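Chemist: Residues 419 to 506 (our numbering) make up the sequence shown, in order.
Glycine residues also receive a C-beta, built at the ideal position from the N, C-alpha and C atoms.
Quick caveat: nothing in here was measured; it's all calculated off a predicted structure.
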Amino acid sequence: NEILSNYDFILMPTTPTAAFNIGEIVKDPIVMYLEDIFTVQAALAGVPAISLPVGNNADGLPLGLQLLAPAFAEEELLNFSAYFLNLV
419 NEILSNYDFI
429 LMPTTPTAAF
439 NIGEIVKDPI
449 VMYLEDIFTV
459 QAALAGVPAI
469 SLPVGNNADG
479 LPLGLQLLAP
489 AFAEEELLNF
499 SAYFLNLV
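#1: Where do the N-terminal and C-terminal ends of the beta strand (DSSP E) with I428 fall, by residue?
#2: Is I468 helix, strand or coil by DSSP?
#3: DSSP three-state call for L479: helix, strand or coil?
#4: Using CA coordinates, which residue listed in A461, P466, F456 and P471 is at the minimum distance from P488?
#5: Do you know whose CA, among N504, L485 and L496, lies nearest Y425's CA?
#6: Within this structure, are the beta carbons of F456 and T433 separated by less than 8 angstroms?
#7: Measuring alpha carbon to alpha carbon, tell me which of V506, L481 and L422 ends up nearest A463.
#8: What does a CB cutoff of less than 8 angstroms around A460 pick up in its chain, not counting 5 residues either side in sequence?
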């Protein structure tokens, strides 16, 4: 909350890597856990967050950008998300 009192949003990757290939089975629970590591902050802090598609990596797999907003700023988050998606 302290960080979000100084900024409108926090931008970060949604995941540390691109998406898995379609049909790929990952049996390592640590790998699966680490794929969600960046999304935990919003849930623990109780702030709204959204993941936006921002393109693909060199292999064509999708990449996401996550935006976190201050508590109760859902409307601002959605408005900025729509604005941002029109730019990319």
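Modeler: According to the structure shown:
#1: I428 to P431
#2: strand
#3: coil
#4: P466
#5: L485
#6: yes
#7: Comparing alpha-carbon positions, the option among V506, L481 and L422 lying closest to A463 turns out to be L422.
#8: P466, A467, Q484 and L486
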